[in-house]
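When you read off a place in the sequence shown, starting at 1, and then add 1170, the result is the number in this note's numbering. Glycine is no exception: its CB is placed at the ideal position from the N, C-alpha and C atoms. Only a predicted model underlies this, so the values are computations on that prediction, with no experimental measurement involved. Inspection log for the structure reproduced underneath, given as structure tokens.
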Amino acid sequence: MTLLSRIALIALLALPQLVLGQTFPSKPIRLIVPYAAGGAVDALCRPLAQKITELTGQPVIVDNRPGANATLGTNIVARAAPDGYTIVMSSINHYIVPFFSKNVPYDAVRDFTPIIIATVVPNVIAVHPSLPVNSIRELIDYAKKNPGKVFYGTTGIGSTHQLGGIMLGQMARIEIEHVPYKGGAPTINDVLAGSIPMAILTATTILPHARAGRLRALAVIEGKRARAAPELPSVGETVQGYAVPDTWLGVLAPANTPRPVAESLNSIIRKAMHAPDVKPRIEALGMEVTGNTLDEFAATVRSDVEVFRKILTTAGIKPE
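Listed below in structure tokens is the structure:
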């Protein structure tokens, strides 16, 4: 076979893939939300789905499948055909949970194709006003003088909130105890009541209470200040080197989704998220609209997983 013949054959073999990307979508898309209807992720997905429908002419069906730390709904996508028509709005916790649980029914990395990070959600450390601290430095000093007396609530085991607490304990060399709840609502209720002195939760959950004086917000756990609360320092401004990876919400498709289809999904979702009638609605939820390429998302996943592995191995945490 001549060189010219080989080139022609390669082009011919690639043609179906190119056509596939250009014609996608040609039927309804099922967007799995592995959380309950009415929550923050659901509130993100509703206007997003509507806008994708407007852009493509194909219905986007939002399918809430909560349960089992989001693995129930996510497993539907892991087992779906890799054609781009069944996708999930996941979060960074997708890659954290397997470090804590043996019961995840899929491989969080190998069984999925990362499509796009849609939003970043800042997270805040806040305390009940009865705790005599006004900054991360004062919190660290208090915890050192009162070992075993500082407890922090989060949305559950295997969350970035718990990761933030583990890192603070490690890097500041303080003893703080994790109290896992089943979601943000019971956590915020208990810290407001003073049943626990501290919580690490989303800025969306914390800030209304902090600004009303019911809680005292100390810092964000990410590596930089949040647009939603620029007045709050990052923990890293006090504890050198401290930075929890950004808590993102992003779309995953099944493994082996054809590259042209994945690129089409990425482009469509990016356009929908940045639409002038969608972006303000998402930002009103306390989320920062982002949007990256397939390769950038894949690189973020690799980096995040290595950070989790290092932190949790140091902490002696093993899946149970």
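Any idea if Glu-1490 is buried or exposed, counting beta-carbon neighbours within 10 angstroms, 16 or more meaning buried? exposed
C-alpha gap between Gly-1243 and Val-1258, whole angstroms: 8 Å
Alpha-carbon spacing of Val-1232 relative to Tyr-1205, whole angstroms: 11 Å
Using the three-state DSSP reduction, which class does Val-1303 fall into: helix, strand or coil? coil
Give me, in chain order, the residues of the same chain whose beta-carbon lies closer than 8 Å to that of Gly-1191; leave out the 5 immediate sequence neighbours on both sides. Low local confidence applies: a pLDDT of 45 at Gly-1191 is under 50, so the model's placement there is unreliable, with the coordinate-based value given in what follows. These residues qualify, in order along the chain: Pro-1428, Arg-1429, Pro-1430, Val-1431, Glu-1433 and Ser-1434.
Counting Cβ pairs closer than 8 Å, one from the segment 1273-1290 and one from the segment 1345-1353, do we hit at least three? no
Can you have a look at Glu-1392 and say buried or exposed, based on whether 16 or more other CB atoms are within 10 angstroms of its CB? buried
Residues that Asn-1283 bridges to, as DSSP identifies them: According to the sequence shown, residue 1283 is Thr rather than Asn. Paired residue(s): Ala-1423.
Check for me: the alpha helix (DSSP H) holding Leu-1464 runs from which residue to which? 1464-1484
Does the pairing of the segment 1459-1472 with the segment 1283-1291 give three or more beta-carbon distances under 8 Å? yes
Gly-1209, DSSP secondary structure in three states: coil
Just mark Ala-1208 as buried or exposed, buried being the case when its beta carbon has 16 or more other beta carbons within 10 Å. It should be pointed out that residue 1208 corresponds to Gly in this sequence rather than to Ala. Gly-1208 comes out exposed.
Could you give the DSSP three-state label for Gly-1406: helix, strand or coil? helix
Between Ile-1336 and the rest of its own chain, which residues show a CB-CB distance below 7 Å, the 5 nearest in sequence each way excluded? Ile-1481 and Ala-1485
Kindly list the residues whose CB is nearer than 6 Å to the CB of Met-1368, restricted to its own chain and excluding five residues on each side of it in sequence; keep chain order. Val-1297 and Tyr-1322
Any 3 or more C-beta pairs closer than 8 Å across the segment 1301-1311 and the segment 1386-1404: yes
With burial defined as no fewer than 16 other Cβ atoms inside 10 Å of the residue's Cβ, what is the status of Asn-1245: buried or exposed? buried
Quick one: residues in its chain with C-beta nearer than 8 Å to the C-beta of Arg-1216, no 5 flanking neighbours on either side, listed in chain order? Val-1232
Please identify the residue among Ala-1251, Ala-1238, Gln-1220 and Pro-1415 whose C-alpha is closest to the C-alpha of Leu-1422. Ala-1251
Have a look at Val-1203 and Thr-1463 and give me their C-alpha separation to the nearest angstrom. 22 Å
Within this structure, are the beta carbons of Leu-1371 and Thr-1325 separated by less than 8 Å? yes
Any idea which residues DSSP pairs Tyr-1322 with across the strands? His-1348 and Met-1368
Looking at the structure shown, is Glu-1392 part of a helix, part of a strand, or coil, going by DSSP? strand
Contacts around His-1379, its chain only, beta-carbon distance under 6 Å, and the 5 residues preceding and following it disregarded: Leu-1385
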